[in-house]
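Okay, so here's the structure we're looking at.
In this note's numbering, the protein residues as written are 4 to 436.
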């Protein structure tokens, strides 16, 4: 049985086909329309530790020093020497063949020499090189500590910008309602044109606050992206995490004790003392003179002979006295640096702890009453103004006070969280109670 397609059925088929294709495109768009990537603070720090280019460059110093260990552990190369003397410039004398002349009238030498290191120099070189590698490894770890603080501070800046933007948008929406009501009152004749214009001009400040907050957020995200490794996150990424004050119960002695255990710069200073002692041992080993043994085979005037020789510098003047004295003083320098670093670690913890306590007190002041007072004052002023029981200037003043209080609280939270990051940096670990 054959089926005939009418013109109307063909049109229906075309419509269905177009709808299917359009639906497929929409489905693809929805599939590829992924929301922006949101990262937490700890994720941001881990990304920075993996992808930050400055840190990656610093890590190559470890590999360079490890390569220097290979060089330090190498033995001296033997020396091979040879010569052939008294070769004729002009033809050989008459009556003597060329081969006979080379056999009876020339001299050839073939020899090998080797420098024997005394004083366990190779082991001392390797120990000194490993000491330098250990110091550089601790210094790179200290760079990681500093990078974590930078990422934390920039992350908090982004959170502050987002919170400020949210506040500005909420205030703009609320004040826009006030402007709309004032416009109705002006048209009804219950509000003077001068008061209405003052309110409308005040709207500009709210719109400016929103635009400034948008700019701050964009710049903060850009600065954070640079520390994370520019290619590691897309341009439209965002941050996630709580931006609020949470009390931290810690004691200064516990924090200082933890800093002495965890600070990588203090570990680098301790390793610096060990490295300085290794350099001193190497300097003393280099003061010992190294002999050279040589063996030589000679062919002279048709005769074959073997010669050996022994040579050693006489340590009469140069016994490496200067380097030994310098490395001995370097030990004292490293010990003083270790003491200074230890004191600096305790000072950093003390300063960060005091900053955290002060930031906590300020945040608690806002949360205890001032935020509620500012909110209540603005609500009462707005209610009274809309009913004609409050002057325009008093209402605008209450509005400015509320905005200033809310902004100051957000800045106090950001200062507290930054102090917390500074305390983590001072202690040398992110694992705080």
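By construction, the Cβ of each residue, glycine as well, lies at the ideal position given by its N, Cα and C atoms.
Counting C-beta neighbours from all protein chains within 10 Å, is the total for residue 422 16 or more, i.e. buried, or is it exposed?
By 1-based counting over the chain shown, the position of residue 422 is 419. With 16 or more other Cβ atoms within 10 Å, it is buried.
Would residue 35 be called buried (16 or more neighbouring beta carbons within 10 Å of its own) or exposed?
As a working mapping, residue 35 is identified with position 32 in the chain shown. For residue 35, the predicted model reports a pLDDT of 48, less than 50, meaning its position is unreliable and no value from the coordinates is stated.
Residues near residue 165 by beta carbon distance below 7 angstroms, same chain, minus five either side
Counting from 1 along the chain shown, the entry for residue 165 is found at position 162. Once the five neighbours on either side are set aside, the close Cβ partners of residue 165 are 220.
Give me the DSSP bridge partner(s) of residue 114.
Here residue 114 refers to the residue found at position 111 when the chain shown is read from its first residue. Bridge pairing for residue 114: 84, 299 [DSSP].
Comparing alpha-carbon positions, which option in 375, 372, 395, 281 lies nearest residue 133?
As a working mapping, residue 133 is identified with position 130 in the chain shown. That would be 281, whose Cα lies nearest to the Cα of residue 133.
Any heavy atom of the ligand GDP inside 7 angstroms of the beta-carbon of residue 40?
With respect to small molecules bound, the structure shown includes none, and the ligand GDP cannot be examined in it.
Helix, strand or coil at residue 437 according to DSSP, with G and I counted as helix
Missing from the structure shown is residue 437; the chain here goes from 4 to 436 and no further.
Quick one: give me the first and last residue of the alpha helix (DSSP H) that residue 273 is part of.
Residue numbering aside, residue 273 sits at position 270 when the chain shown is read from its first letter. Unbroken alpha helix (DSSP H) run through residue 273: 267-289.
Please classify residue 39: is it buried, with 16 or more other beta-carbons within 10 angstroms of its beta-carbon, or exposed?
For the purposes of this step, residue 39 is identified with residue 36 of the chain shown, where counting begins at 1. Burial call: exposed.
Does the Cβ of residue 167 have 16 or more other Cβ atoms within 10 Å, making it buried, or fewer, making it exposed?
On the chain shown, position 164 is the one that residue 167 refers to. Under this definition residue 167 is a buried residue.
Using C-beta distances below 6 angstroms, list every residue in its chain close to residue 122, excluding the 5 sequence neighbours before and after it, in chain order.
As a position in the chain shown, residue 122 is number 119, starting the count at 1. If we look at residue 122 and ignore the five residues flanking it on each side, its Cβ neighbours are 288, 291.
Please say whether residue 429 and residue 363 have beta carbons closer to each other than 8 angstroms?
Along the chain shown, read from residue 1 onward, the residue named residue 363 stands at position 360. Along the chain shown, read from residue 1 onward, the residue named residue 429 stands at position 426. Not in contact: residue 363 and residue 429 (Cβ atoms no closer than 8 angstroms).
8 angstroms Cβ cutoff met for residue 350 and residue 272
Against the chain shown, residue 350 aligns to sequence position 347. Against the chain shown, residue 272 aligns to sequence position 269. In this structure, residue 272 does not lie closer than 8 angstroms to residue 350 by Cβ.
Nearest neighbour of residue 390, chosen from 173, 185, 105, 116 [CA to CA]
Stepping through the chain shown from its first residue, residue 390 is reached at position 387. Measuring from the Cα of residue 390, the nearest candidate turns out to be 185.
Per DSSP, what kind of secondary structure is residue 29 in: helix, strand or coil?
The sequence position of residue 29 within the chain shown is 26, counting from 1. Residue placement at residue 29 is poorly supported in this model, since its pLDDT is 42, which falls under 50; the coordinates are not used for a value here.
Take the Cβ of residue 268 as the centre, count every other Cβ of all protein chains shown within 10 Å, and call the residue buried at 16 or more, exposed below.
As a position in the chain shown, residue 268 is number 265, starting the count at 1. Per the 10 Å Cβ criterion, buried.
Sort 403, 322, 420 by Cα distance to residue 358 and report the nearest one.
Indexing the chain shown from 1 puts residue 358 at position 355. Considering only alpha carbons, the answer is 420.
Since residue 227 and residue 129 are thought to touch, with beta carbons under 8 angstroms apart, how far apart are those beta carbons, to the nearest angstrom?
Walking along the chain shown from the start, residue 227 turns up at place 224. Walking along the chain shown from the start, residue 129 turns up at place 126. The distance from the Cβ of residue 227 to that of residue 129 is about 43 angstroms, inconsistent with a contact at the 8 angstroms cut-off.
How many angstroms separate the CA atom of residue 44 from the CA atom of residue 181?
As a position in the chain shown, residue 44 is number 41, starting the count at 1. As a position in the chain shown, residue 181 is number 178, starting the count at 1. Each residue's alpha carbon lies about 38 angstroms from the other.
Any idea which residues DSSP pairs residue 41 with across the strands?
Mapped onto the chain shown, residue 41 falls at position 38. The partner list for residue 41 (beta bridge, DSSP) reads 241.
If we ignore side chains and look at the alpha-carbon of each, how far apart do residue 369 and residue 412 end up?
Indexing the chain shown from 1 puts residue 369 at position 366. Indexing the chain shown from 1 puts residue 412 at position 409. Near 6 angstroms, if we compare the C-alpha coordinates of residue 412 and residue 369.
Looking only at its own chain, which residues have a Cβ that is under 6 angstroms from the Cβ of residue 82, when we skip the five neighbours before and after it?
Residue numbering aside, residue 82 sits at position 79 when the chain shown is read from its first letter. Only 116 meet the Cβ criterion.
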